[in-house]
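Take a look at the structure set out below.
The structure is reproduced here in structure tokens:
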């Protein structure tokens with residue numbers, strides 16, 4: 017395959033890049049010249065070298081190549097509330113919550129969600145790792161609340177149900193509560209266009 | 017003006033109809049034939065004749081031409097909880113809440129909202145009528161909660177603030193609480209794209 | 017049915033109005049007051065009374081109620097070139113061409129187009145009327161060109177083929193040419209996103 | 017800067033990648049594992065090594081690292097019609113025309129277009145290179161037509177005017193005609209929504 021198509025094909029594996037944009041990117045790299053390509057290739061190579069995956073929450077975080085830490089800054093920060101863990105689908109969700117500055121507990125990244133008709137849900141998310149971390153946190157950190165913060169769509173709801181069902185044998189005897197994010201009107205929502213479920217929750221959560 | 021342009025101009029006063037669609041509608045009426053036009057004109061004429069505006073909640077409701085009732089079915093239904101009133105911007109919002117089947121109290125229709133830079137807010141919504149109805153309901157119906165259910169956008173928030181500020185001199189001494197709809201993730205919302213405010217509320221309203 | 021739903025149902029028969037907008041329009045009419053409704057109903061009633069359908073091109077045109085002319089201003093304008101007729105799907109297409117000020121011949125309005133899988137094409141467009149008009153114009157007006165100006169989409173192309181096939185037994189012996197609108201880049205089109213057919217035509221029609 | 021943000025920043029220089037997608041891509045690369053990152057970095061590095069820029073048409077084309085050819089396959093293909101050159105803004109436009117299989121002449125890639133208010137147009141496109149190539153082709157290849165195939169938008173039209181004006185002192189005495197792509201209805205276009213210019217061209221180019 018020619019090098020332009022070869023690069024385009026690899027770019028198409030990345031989220032949100034279609035065949036047309038992939039080729040435009042390849043040509044743009046050629047037009048921008050070898051220095052830009054070199055820098056980009058270097059940044060991609062460095063990404064793996066200078067990043068580690070946290071042994072507890074499984075997020076990717078910056079870590080020097082020499083001394084690869086095992087724990088991310090949130091998991092090793094004793095100032096954060098270790099009695100709560102918030103479960104998200106992806107690293108980008110975790111970033112969004114961190115940036116909102118409204119949460120002071122621990123995190124856990126599932127690494128994806130479970131499609132409705134998935135026959136082997138355990139393969140789609142880090143459920144074994146989650147169970148191990150919950151067990152450890154219950155014993156060592158006094159864990160008392162698990163917030164399931166999956167998306168408010170079909171896959172997110174299904175994932176939340178699966179996670180809840182899998183965790184309950186561990187959380188119920190340990191009196192750990194499982195909660196989920198509040199539903200209601202998102203910023204910008206107009207009443208007229210809100211679905212029944214959203215209106216019900218908006219009324220229930222009024223205050 | 018020719019009759020097609022004349023009709024198009026009147027249609028353009030209606031919500032969501034632009035100049036192009038207005039002409040398409042005019043031609044469609046011609047193509048559909050005089051019977052359809054007659055029926056439509058009749059339905060428009062009947063609308064006013066067979067509808068009344070409730071003296072309490074100001075919604076429009078079906079009412080026979082002879083005996084025009086003063087109160088809509090919700091306001092005259094003694095089975096509904098008269099101690100709560102839910103304030104919406106428009107009749108269509110009221111319809112949405114009614115259809116959701118999750119609310120059993122009274123309503124009030126403001127008739128619009130207040131743009132951010134409006135110099136005379138009182139002209140944009142039925143604020144005097146609302147104050148009168150709240151006063152009446154406090155005295156006669158044991159009103160104890162007012163739910164402000166304006167949209168979760170700028171105008172809606174501004175309207176909610178204005179309504180709250182205007183009602184408080186009446187509600188505070190009467191110990192009537194003013195609440196607003198719960199904010200959080202709307203159905204379909206993805207965490208990564210949620211704004212800070214929505215995330216904060218979703219965390220606060222978790223459960 | 018209540019008068020609001022009854023009006024909404026009638027409005028939903030019109031092009032581009034869905035159930036939600038239909039109700040918003042009904043409530044808007046109530047809010048705007050009886051004078052506006054009366055004016056709108058009157059404009060709808062007048063539309064039929066003050067409009068006629070041209071006996072030749074079948075477009076709807078303004079015509080006084082007393083003396084209903086048979087021919088529209090274009091068909092009765094002897095200044096226009098009667099040797100060319102341009103066939104469009106709808107009255108709004110005719111308006112678009114008239115407004116562009118780039119055509120000086122006659123028109124014919126098909127009244128729609130033919131869906132690909134239609135079993136009875138003759139029911140969807142005024143094909144008999146077209147054949148009669150072409151025959152008349154060939155005899156009386158020296159017709160020598162028919163421009164088929166249907167849309168550049170599947171239905172439009174299919175309609176053009178059907179019209180051509182139906183007219184040819186009449187036009188071939190009379191040496192009337194059938195043409196169609198030029199294809200190429202529409203204003204705003206970017207080369208990269210143009211389909212093969214458009215590029216081929218753009219190259220062919222270069223100049 | 018942390019390696020995730022560093023990569024995201026570089027990705028944002030590429031066409032069509034915004035800040036959010038840039039981070040999603042970075043995390044996706046981490047999740048896909050080091051082998052995928054390595055392959056992508058390699059494909060980017062190879063892109064420059066295995067590609068050359070044609071000395072005549074300035075397109076980028078696959079070329080072995082050892083023997084870097086000076087001419088692309090189109091420019092060295094004696095089977096193609098060297099008497100016509102088609103000028104495009106970008107490599108992706110050239111690809112689109114090649115794929116359409118409807119053009120058998122030579123190409124020239126301008127490398128961009130000229131914004132309306134640009135004070136130094138010569139900096140935005142390869143105008144000197146074009147002039148040199150036209151001069152060469154007039155002398156050596158019997159060039160007799162230049163097709164300006166810029167986009168049908170403001171920048172494209174302005175670029176076409178600038179190119180025409182710059183080439184004319186060379187092309188007029190040499191009797192080389194400058195043409196541009198045909199305008200008309202693009203595939204999918206509906207008459208009602210076509211602008212005046214498109215309708216005018218569609219009528220002119222009918223056939």
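Residue numbers (the working numbering), protein chains in the order written: chain L, 17 to 223; chain F, 17 to 223; chain X, 17 to 223; chain E, 17 to 223. By construction, the Cβ of each residue, glycine as well, lies at the ideal position given by its N, Cα and C atoms.
message: Pairs of beta-carbons, one from the segment 158–172 of chain L and one from the segment 95–106 of chain L, closer than 8 Å: are there three or more?
response: yes
Query - Endpoints, alpha helix (DSSP H) assigned at residue 111 of chain L - result: Within the first chain, the letter at position 95 stands for residue 111 of chain L. Start and end: 107–116.
Which bits of chain F does residue 213 of chain L rub up against, with CB to CB less than 7 Å? Taking the first residue of the first chain as 1, we reach residue 213 of chain L at position 197. The answer, in chain order, is 203.
Check your understanding: Which ranges does the beta strand (DSSP E) cover as unbroken runs of at least 3 residues, wholly within the segment 95–167 of chain F, from first to last along the chain?
Key -> 97–104, 121–125 and 161–164
### Query
Is residue 194 of chain L closer than 9 Å to residue 180 of chain L when the C-beta atoms are compared?
By 1-based counting over the first chain, the position of residue 180 of chain L is 164. By 1-based counting over the first chain, the position of residue 194 of chain L is 178. Cβ atoms of residue 180 of chain L and residue 194 of chain L: closer than 9 Å.
I want to see whether chain E comes within less than 9 Å of residue 106 of chain X, judged by CB atoms only; does it?
Numbered from its first residue, the third chain carries residue 106 of chain X at position 90. By this cut-off, residue 106 of chain X is an interface position.
Would you mind stating whether residue 44 of chain E and residue 27 of chain E have Cβ atoms separated by less than 9 Å? Locating residue 44 of chain E in the fourth chain gives position 28, where the first residue counts as 1. Locating residue 27 of chain E in the fourth chain gives position 11, where the first residue counts as 1. In this structure, residue 27 of chain E does not lie closer than 9 Å to residue 44 of chain E by Cβ.
Next on the checklist: For a contact defined as C-beta to C-beta under 7 Å, what are the partners of residue 119 of chain E on chain X?
Outcome noted: Position 103 of the fourth chain holds residue 119 of chain E. Here the neighbours are 219.
For the segment 115–128 of chain X and the segment 85–97 of chain X, state whether three or more C-beta atom pairs, one from each stretch, are separated by less than 8 Å.
yes
*For the alpha helix (DSSP H) that contains residue 19 of chain X, what are its first and last residues?*
The residue labelled residue 19 of chain X in the question sits at position 3 within the third chain. Unbroken alpha helix (DSSP H) run through residue 19 of chain X: 19–27.
Checklist entry - How many Å lie between residue 173 of chain L and residue 219 of chain L at the Cα? => result Locating residue 173 of chain L in the first chain gives position 157, counting from the first residue. Locating residue 219 of chain L in the first chain gives position 203, counting from the first residue. If I take the Cα positions, the gap works out to 20 Å.
Contact under 9 Å by Cβ, residue 126 of chain X with residue 146 of chain X: For the purposes of this step, residue 126 of chain X is taken as residue 110 along the third chain, with counting starting at 1. For the purposes of this step, residue 146 of chain X is taken as residue 130 along the third chain, with counting starting at 1. Yes, the pair counts as a contact, with Cβ atoms nearer than the cut-off.
Spatial neighbours of residue 72 of chain L within its chain, please: C-beta separation below 7 Å, excluding the five flanking residues on both sides.
The sequence position of residue 72 of chain L within the first chain is 56, counting from 1. Taken in chain order, the residues that qualify are 87, 91 and 149.
Residues in the segment 123–149 of chain F with C-beta within 7 Å of chain L's C-beta atoms, listed in sequence order? none
Check: According to the neighbour-count rule (16 or more other Cβ atoms, all chains shown, within 10 Å of its Cβ), is residue 19 of chain X buried or exposed?
Finding: Counting from one through the third chain, the residue named residue 19 of chain X turns up at place 3. Classification for residue 19 of chain X: buried.
Check your understanding: Leaving out the 5 sequence neighbours to the left and right, which residues in its chain are closer than 7 Å to residue 130 of chain E when beta-carbon positions are compared?
Key -> Translated into positions along the fourth chain, residue 130 of chain E becomes position 114. Cβ within range, chain order: 137, 140, 141, 171, 174, 175 and 178.
* Within 10 angstroms of its Cβ, does residue 64 of chain X collect 16 or more other Cβ (buried), or is it exposed? -> Indexing the third chain from 1 puts residue 64 of chain X at position 48. So residue 64 of chain X ends up on the buried side.
Taking the straight line between their C-alpha atoms, what separation do you get for residue 215 of chain F and residue 51 of chain X? Residue mapping note: residue 215 of chain F aligns to position 199 of the second chain, counting from 1. Residue mapping note: residue 51 of chain X aligns to position 35 of the third chain, counting from 1. The alpha-carbon atoms of residue 215 of chain F and residue 51 of chain X are separated by roughly 47 Å.
Which residues in the same chain have their Cβ closer than 8 Å to the Cβ of residue 35 of chain L, if we skip the five residues on either side of it in sequence? Start at 1 with the first residue of the first chain, and residue 35 of chain L comes out as number 19. For residue 35 of chain L, where only same-chain residues beyond five positions count, the Cβ hits under 8 Å are 24 and 28.
- Task: In the DSSP assignment, find the unbroken alpha helix (DSSP H) run with residue 196 of chain X in it and report its ends.
- Result: The sequence position of residue 196 of chain X within the third chain is 180, counting from 1. From DSSP, residue 196 of chain X is part of no alpha helix (DSSP H) but of the beta strand (DSSP E) over 193–196.
- Task: Would you kindly work out how many angstroms separate the C-alpha atoms of residue 197 of chain X and residue 116 of chain X, rounded to a whole number?
- Result: Position 181 of the third chain holds residue 197 of chain X. Position 100 of the third chain holds residue 116 of chain X. C-alpha separation (whole angstroms): 14 Å.
Within 7 Å of chain F by C-beta, residues of the segment 156–177 of chain L in sequence order: 163, 165, 167, 168 and 169
Review point. For residue 66 of chain X, which residues of its own chain have a beta-carbon under 8 Å away from its beta-carbon, when the five flanking residues on both sides are left out?
Key: Within the third chain, numbered from 1, the residue matching residue 66 of chain X stands at position 50. Cβ neighbours of residue 66 of chain X beyond the five flanking positions: 78, 79, 80 and 81.
Query - Contact under 9 Å by Cβ, residue 154 of chain X with residue 100 of chain X - result: By one-based count along the third chain, residue 154 of chain X stands at place 138. By one-based count along the third chain, residue 100 of chain X stands at place 84. No; because the gap between Cβ atoms is not below 9 Å, this pair is not in contact.
message: Whole angstroms are fine: how far does the CA of residue 60 of chain X sit from the CA of residue 57 of chain F?
response: As a first step, residue 57 of chain F is located in the second chain; it is residue number 41 there, counting from the start. As a first step, residue 60 of chain X is located in the third chain; it is residue number 44 there, counting from the start. Approximately 6 Å between the Cα atoms of the pair.
Could you list the residues in the segment 39–50 of chain X with a C-beta less than 9 Å from some C-beta on chain F, going in chain order?
39, 40, 41, 42, 43, 44, 45, 46, 47, 48, 49 and 50
Chain L beta carbons: is any one of them nearer than 9 Å to that of residue 60 of chain E? Position 44 of the fourth chain, counted from the first residue, corresponds to residue 60 of chain E. Yes, residue 60 of chain E lies at the interface with chain L (some Cβ there is under 9 Å from its Cβ).
ask   = Under 9 Å between C-beta atoms, does residue 113 of chain L make it to chain F?
value = Within the first chain, numbered from 1, the residue matching residue 113 of chain L stands at position 97. True, the Cβ-Cβ gap to chain F drops below 9 Å.
Discussion item. With distance defined between alpha-carbon atoms, name the residue in X:135, X:76 and X:97 nearest to residue 109 of chain X.
Written reply: Numbered from its first residue, the third chain carries residue 109 of chain X at position 93. Ranking X:135, X:76 and X:97 by Cα distance to residue 109 of chain X puts X:76 first.
Could you name the residues of the same chain whose beta carbon sits closer than 6 Å to that of residue 69 of chain E, not counting the 5 residues immediately before and after it, in chain order? The sequence position of residue 69 of chain E within the fourth chain is 53, counting from 1. Same-chain partners within the cutoff: 76.
- Query: Can you tell which of X:144, X:54 and X:53 has the C-alpha that lies nearest to the C-alpha of residue 186 of chain X?
  - Reply: Taking the third chain and counting its residues from 1, one reaches residue 186 of chain X at position 170. Answer by Cα proximity: X:144.
Report task. Measure the CB-CB distance between residue 208 of chain F and residue 199 of chain F and report whether it falls below 9 Å. Result -> The residue you call residue 208 of chain F lines up with position 192 of the second chain. The residue you call residue 199 of chain F lines up with position 183 of the second chain. The answer is no: Cβ separation not under 9 Å.
Neighbour list for residue 22 of chain F in chain X, Cβ cutoff strictly below 9 Å | Taking the first residue of the second chain as position 1, residue 22 of chain F is located at position 6. Result: 59, 62, 63 and 66.
Exercise. Among all the DSSP beta bridges, which residues are the ones paired with residue 67 of chain L?
Worked result: By one-based count along the first chain, residue 67 of chain L stands at place 51. Per DSSP, L:78.
Check your understanding: Leaving out the 5 sequence neighbours to the left and right, which residues in its chain are closer than 6 Å to residue 158 of chain X when beta-carbon positions are compared?
Key -> Taking the first residue of the third chain as position 1, residue 158 of chain X is located at position 142. 99.
Backbone secondary structure at residue 39 of chain X - three-state DSSP
Along the third chain, read from residue 1 onward, the residue named residue 39 of chain X stands at position 23. Helix, per DSSP.
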